[in-house]
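Colleague: Protein chains in written order, with the numbering used here: chain A, 1 to 206; chain B, 207 to 412; chain C, 413 to 618. No residue lacks a Cβ here, since even glycine has one placed at the ideal position from N, Cα and C. Because the structure is a prediction, the values reported are computed rather than measured.
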Amino acid sequence: MLPATTALLILELAGVLAFAINGAMTAIRTAHLDIVGIITLGMITALGGGFIRDILLDDLPPVTFLDWRFLGTAALGGLIAFLLSKRLDRLIRPINVLDAAGLGLFAVTGTLKGFEFGLGVTQSVIIGGITAVGGGTLRDVLLREIPAILHSGLYLIPALVAASLTALVVTADLRLVPWTVVAAAICFAIRMVGVRYDLNAPRPRL
Amino acid sequence: MLPATTALLILELAGVLAFAINGAMTAIRTAHLDIVGIITLGMITALGGGFIRDILLDDLPPVTFLDWRFLGTAALGGLIAFLLSKRLDRLIRPINVLDAAGLGLFAVTGTLKGFEFGLGVTQSVIIGGITAVGGGTLRDVLLREIPAILHSGLYLIPALVAASLTALVVTADLRLVPWTVVAAAICFAIRMVGVRYDLNAPRPRL
Amino acid sequence: MLPATTALLILELAGVLAFAINGAMTAIRTAHLDIVGIITLGMITALGGGFIRDILLDDLPPVTFLDWRFLGTAALGGLIAFLLSKRLDRLIRPINVLDAAGLGLFAVTGTLKGFEFGLGVTQSVIIGGITAVGGGTLRDVLLREIPAILHSGLYLIPALVAASLTALVVTADLRLVPWTVVAAAICFAIRMVGVRYDLNAPRPRL
Chain A
1 MLPATTALLI LELAGVLAFA INGAMTAIRT AHLDIVGIIT LGMITALGGG
51 FIRDILLDDL PPVTFLDWRF LGTAALGGLI AFLLSKRLDR LIRPINVLDA
101 AGLGLFAVTG TLKGFEFGLG VTQSVIIGGI TAVGGGTLRD VLLREIPAIL
151 HSGLYLIPAL VAASLTALVV TADLRLVPWT VVAAAICFAI RMVGVRYDLN
201 APRPRL
Chain B
207 MLPATTALLI LELAGVLAFA INGAMTAIRT AHLDIVGIIT LGMITALGGG
257 FIRDILLDDL PPVTFLDWRF LGTAALGGLI AFLLSKRLDR LIRPINVLDA
307 AGLGLFAVTG TLKGFEFGLG VTQSVIIGGI TAVGGGTLRD VLLREIPAIL
357 HSGLYLIPAL VAASLTALVV TADLRLVPWT VVAAAICFAI RMVGVRYDLN
407 APRPRL
Chain C
413 MLPATTALLI LELAGVLAFA INGAMTAIRT AHLDIVGIIT LGMITALGGG
463 FIRDILLDDL PPVTFLDWRF LGTAALGGLI AFLLSKRLDR LIRPINVLDA
513 AGLGLFAVTG TLKGFEFGLG VTQSVIIGGI TAVGGGTLRD VLLREIPAIL
563 HSGLYLIPAL VAASLTALVV TADLRLVPWT VVAAAICFAI RMVGVRYDLN
613 APRPRL
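#1: Counting contacts by CB-CB distance shorter than 7 Å, is ALA201 of chain A in contact with chain C?
#2: Would VAL222 of chain B and ALA280 of chain B qualify as a contact pair, given that the criterion is a beta-carbon distance under 7 Å?
#3: Going along chain B, which residues have a C-beta under 9 Å from VAL553 of chain C?
#4: Could you tell me the distance, in whole angstroms, from the CA atom of PRO559 of chain C to the CA atom of ARG299 of chain B?
#5: List the residues of chain C that HIS151 of chain A touches, going by C-beta distances under 9 Å, in chain order.
#6: Measure the beta-carbon distance from GLY110 of chain A to ALA20 of chain A and round it to whole angstroms, keeping in mind my assumption that it falls under 8 Å.
#7: So, with DSSP's three-state summary, where would you put LYS498 of chain C?
#8: Give the single residue among A:VAL177, A:ASP173, A:ILE44 whose Cα lies nearest to the Cα of PHE65 of chain A.
#9: Going along the segment 461-480 of chain C in order, which residues come within less than 7 Å of chain B, judged by CB to CB distance?
#10: Apply the 10 Å Cβ neighbour rule to TYR197 of chain A and answer buried if 16 or more other Cβ atoms are within range, or exposed otherwise.
#11: Do THR40 of chain A and ILE95 of chain A count as a contact pair if the criterion is CB distance below 7 Å?
#12: When you compare only the Cα positions, how much space is there between VAL607 of chain C and MET192 of chain A?
#13: Might you give, ordered along the chain, the residues of its own chain that have their beta carbon closer than 7 Å to the beta carbon of THR343 of chain B, omitting 5 neighbours on each side?
#14: Indicate whether PHE242 of chain B and ILE492 of chain C have their beta-carbon atoms separated by less than 7 Å.
#15: Give a yes or no on whether 7 Å exceeds the smallest Cβ distance from PRO559 of chain C to chain B.
#16: Should LEU515 of chain C be labelled buried (16 or more other beta-carbon atoms within 10 Å of its own) or exposed?
#17: How long is the line joining the alpha carbons of ARG441 of chain C and GLY320 of chain B, rounded to whole angstroms?
#18: If you count every other CB in all the chains shown that lies within 10 Å of the CB of GLY532 of chain C, and 16 or more means buried, which is it?
#19: Under a Cβ-count criterion, where at least 16 other Cβ atoms within 10 Å of its own Cβ denotes burial, should PRO202 of chain A be classed as buried or exposed?
#20: For ALA27 of chain A, return the contacting residues in chain B, with the cut-off set at a CB-CB distance below 8 Å.
#21: Mind listing which residues of the segment 532-553 of chain C have their C-beta closer than 7 Å to chain B's C-betas, in chain order?
#22: By the 9 Å beta-carbon criterion, what residues does the segment 173-185 of chain A contribute toward chain C?
#23: Can you tell me the Cβ-Cβ gap for ALA132 of chain A and GLY42 of chain A, rounded? I've got them flagged as a contact below 8 Å.
#24: Out of curiosity, what's the CA-to-CA distance linking ALA213 of chain B and VAL573 of chain C?
#25: Counting only Cβ pairs nearer than 7 Å, list the residues of chain B close to LEU568 of chain C.
#26: Would a C-beta distance cut-off of 7 Å place GLY601 of chain C and THR578 of chain C closer than the cut-off?
#27: Decide if GLY484 of chain C is buried, meaning its Cβ has at least 16 other Cβ atoms within 10 Å, or exposed.
#28: Have a look at SER536 of chain C and TRP179 of chain A and give me their C-alpha separation to the nearest angstrom.
#29: Alpha carbon to alpha carbon, how far is LEU554 of chain C from GLY435 of chain C?
#30: May I have the straight-line CA-CA distance separating THR122 of chain A from VAL108 of chain A, to the nearest angstrom?
#31: Determine, for LEU219 of chain B, whether the minimum Cβ-Cβ distance to residues of chain C falls below 7 Å.
#32: Measure the beta-carbon distance from LEU472 of chain C to LEU56 of chain A and round it to whole angstroms, keeping in mind my assumption that it falls under 8 Å.
#33: Tell me whether the beta-carbon of PRO410 of chain B lies closer than 7 Å to the beta-carbon of SER164 of chain A.
The following block contains the structure:
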């Protein structure tokens, strides 16, 4: 049994906040939306991955929908992005940093929830990956961009690395905190290196 | 307890019909699809919002899928749009009117279903908004347009207004009919004013 | 009662393999993705239709997610496409053939699952059609193309033909194998004729 400790709740809320600000900033930067569109896209980016996870795990209605702390944090993130938008004329860097942070945090919490619902190791790792990339994929589809899971080699891979490390932590019965935080940090680091040097996995030679 | 009265069923079927004709007309106008594509897009626009609502509420299979009256009404709407398409050379106006009508009707019925399934006020209002904008969002994504929830300030707002008024009707224990019809009409009016004057919520200054 | 015979399992796995190679090839050809993107899109194309079916049928978590044979077959298909990509410089023909094969196979197995879960004839046929076109629709949305269900007249129609024939087999209590294989083959044939001669259903005259 995995206790839903306060530490894990904080990790998930931190992921929600990171993705909400990220989604809202992307809305400001890419599509010049108004405040409603900005907060909406922030909330979808923040909560979408968890919704997909909970649909697949049959944990409905999604806990992130029922619990006001998640809804409130997601809305807050959108609002923060809107209020800061005047100063954030170069948004690319924080957008990528927040996306990488959310990616690692959701890979960890998604994988833990997979184990909590009795899935095997492979399925828990995959559900962790889906949780991590789900919100950003919805964000990209709504903005008519090809999702990062498809075109950016080091997006799904760091998420799966963090999910696999989390599975290792669970199966080896290590302490969840701090080890899952380390897993999220490794995902973050790989992703940021990938963004910095524009790295990709091998492509087919056509 | 909210009785599923005949009046509410009629409201929901009216919303299905409005969205089905709207989606099918959009298919005719935007993408020059054949009859299969037209009816398909009409049915997705009409039933999509209710499907998303029922997934989140864990009311599966969706009642609008099991009940032939919803499937039939949605298919009928698509067929009507196809048959009338010769005369409808200027489709923008009816497309917007039908979309606004469906928006208000689904915001009301979605919110009522949220209460029926035991959600709190905030969650019921949000589920009403999702029901209202869900079908149109699927329609726009399939046609590769940025969804109205993101770029059109007065789309989600009137839906949330109607949902909030419906929540007020429920919590104040007023008679569902006519008050929810009034809520849907207010949503319709706000949306049409927004379309007419191209109004938006505040945008960030970049 | 429909026994989940080995034959039906093989049909469904064949559909998964066909769609996985198809999705991965489309990723190679359309978007020049790296190996992660290719396998991801292959798996989404292969498993997406079944996921949507299982969400609507409330059979969660999806059996194709829990069962390693489906996950493995889907990943294998993506890998095959990646390894063969050097030789496949003209990918259009196999892409269409595999898509048509998956379409027929999933229309059959989706319809059978609808009956298995107690749906009526109409709903079982529709769920068969959704299963058949779901994965390809997700593939097209992620690649920012208008989905084949909308623009290609003979895509949803052959799927619904196979689903209807499957419903006939079930209600007339015929032997599932070989008759459902015949239904899948008829779907495949109609689709390939449609692709060859670029056939569509009637369009509205504007």
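Modeller: Reading off the structure:
#1: The residue labelled residue 201 of chain A in the question sits at position 201 within the first sequence. Chain C, which has a Cβ nearer than 7 Å to the Cβ of ALA201 of chain A, makes this yes.
#2: Reading the second sequence from its first residue, position 16 is the one you call residue 222 of chain B. Reading the second sequence from its first residue, position 74 is the one you call residue 280 of chain B. Their beta carbons are under 7 Å apart, which means VAL222 of chain B touches ALA280 of chain B by this criterion.
#3: Here the question's residue 553 of chain C lines up with position 141 in the third sequence. Residues of chain B passing the Cβ test: VAL347, LEU348, ARG350.
#4: Numbered from 1 along the third sequence, position 147 holds the residue referred to as residue 559 of chain C. Numbered from 1 along the second sequence, position 93 holds the residue referred to as residue 299 of chain B. Distance from the CA atom of PRO559 of chain C to the CA atom of ARG299 of chain B, rounded to whole angstroms, is 26 Å.
#5: The residue given as residue 151 of chain A occupies position 151 in the first sequence. Correct list: ALA443, HIS444, LEU445, ASP446, GLY449.
#6: One-based indexing of the first sequence puts residue 110 of chain A at position 110. One-based indexing of the first sequence puts residue 20 of chain A at position 20. With a Cβ gap of about 17 Å, GLY110 of chain A and ALA20 of chain A do not count as contacting.
#7: Start at 1 with the first residue of the third sequence, and residue 498 of chain C comes out as number 86. LYS498 of chain C falls in the coil class under three-state DSSP.
#8: Position 65 of the first sequence, counting from 1, holds the residue named residue 65 of chain A. For PHE65 of chain A, the nearest C-alpha among the options comes from A:ILE44.
#9: Within the segment 461-480 of chain C, the qualifying residues are ILE467, LEU468, LEU469, ASP470.
#10: Residue 197 of chain A sits at position 197 when you count from the first residue of the first sequence. When all chains shown are included, TYR197 of chain A counts as exposed.
#11: Mapped onto the first sequence, residue 95 of chain A falls at position 95. Mapped onto the first sequence, residue 40 of chain A falls at position 40. In this structure, THR40 of chain A does not lie closer than 7 Å to ILE95 of chain A by Cβ.
#12: Counted from its first residue, the third sequence places residue 607 of chain C at position 195. Counted from its first residue, the first sequence places residue 192 of chain A at position 192. Roughly 44 Å separates the two Cα atoms.
#13: Position 137 of the second sequence, counting from 1, holds the residue named residue 343 of chain B. By the criterion of a C-beta distance shorter than 7 Å, THR343 of chain B is surrounded in its chain by PRO353, ILE355, once the five residues flanking it on both sides are discounted.
#14: Counted from its first residue, the second sequence places residue 242 of chain B at position 36. Counted from its first residue, the third sequence places residue 492 of chain C at position 80. Note that residue 242 of chain B corresponds to Val in the displayed sequence, not to Phe. Cβ distance not < 7 Å, so VAL242 of chain B and ILE492 of chain C don't count as in contact.
#15: Here residue 559 of chain C refers to the residue found at position 147 of the third sequence. Cβ-Cβ to chain B under 7 Å: yes for PRO559 of chain C.
#16: In the third sequence, residue 515 of chain C corresponds to position 103, counting from 1. Buried, because 16 or more other Cβ atoms sit within 10 Å of the Cβ of LEU515 of chain C.
#17: Within the third sequence, residue 441 of chain C is the residue found at index 29, counting from 1. Within the second sequence, residue 320 of chain B is the residue found at index 114, counting from 1. As the crow flies, the alpha-carbon of ARG441 of chain C is around 45 Å from that of GLY320 of chain B.
#18: What you label residue 532 of chain C is simply residue 120 of the third sequence in a count that begins at 1. Label assigned to GLY532 of chain C: exposed.
#19: Numbered from its first residue, the first sequence carries residue 202 of chain A at position 202. Classification for PRO202 of chain A: exposed.
#20: Sequence index remark: in the first sequence, residue 27 of chain A carries index 27 (1-based). Residues of chain B with a Cβ closer than 8 Å to the Cβ of ALA27 of chain A are, in chain order, LEU356.
#21: From the segment 532-553 of chain C, only THR534, GLN535, VAL553 have a Cβ closer than 7 Å to chain B.
#22: Answer set for the segment 173-185 of chain A: empty.
#23: Translated into the one-based positions of the first sequence, residue 132 of chain A becomes position 132. Translated into the one-based positions of the first sequence, residue 42 of chain A becomes position 42. Not confirmed; about 17 Å, so no contact.
#24: Reading the second sequence from its first residue, position 7 is the one you call residue 213 of chain B. Reading the third sequence from its first residue, position 161 is the one you call residue 573 of chain C. Cα to Cα, ALA213 of chain B sits roughly 37 Å from VAL573 of chain C.
#25: Walking along the third sequence from the start, residue 568 of chain C turns up at place 156. The contacting residues are VAL242, THR246.
#26: Numbered from 1 along the third sequence, position 189 holds the residue referred to as residue 601 of chain C. Numbered from 1 along the third sequence, position 166 holds the residue referred to as residue 578 of chain C. It should be pointed out that residue 601 of chain C corresponds to Ala in this sequence rather than to Gly. Against a cut-off of 7 Å, the Cβ pair of THR578 of chain C and ALA601 of chain C comes out as no contact.
#27: To locate residue 484 of chain C, count along the third sequence from 1; it is residue 72. By the neighbour-count rule (16 or more Cβ atoms within 10 Å), GLY484 of chain C is not buried but exposed.
#28: As a first step, residue 536 of chain C is located in the third sequence; it is residue number 124 there, counting from the start. As a first step, residue 179 of chain A is located in the first sequence; it is residue number 179 there, counting from the start. Going by the C-alpha atoms only, they are around 47 Å apart.
#29: Along the third sequence, one-based indexing puts residue 554 of chain C at 142. Along the third sequence, one-based indexing puts residue 435 of chain C at 23. Going by C-alpha positions, LEU554 of chain C is about 11 Å away from GLY435 of chain C.
#30: Locating residue 122 of chain A in the first sequence gives position 122, where the first residue counts as 1. Locating residue 108 of chain A in the first sequence gives position 108, where the first residue counts as 1. Straight-line Cα distance between these residues: approximately 14 Å.
#31: As a working note, residue 219 of chain B is residue 13 in the second sequence. No, LEU219 of chain B does not count as interfacial toward chain C.
#32: Along the third sequence, read from residue 1 onward, the residue named residue 472 of chain C stands at position 60. Along the first sequence, read from residue 1 onward, the residue named residue 56 of chain A stands at position 56. Confirmed, about 7 Å.
#33: Looking up residue 410 of chain B in the second sequence gives position 204. Looking up residue 164 of chain A in the first sequence gives position 164. No, they are not a contact pair.
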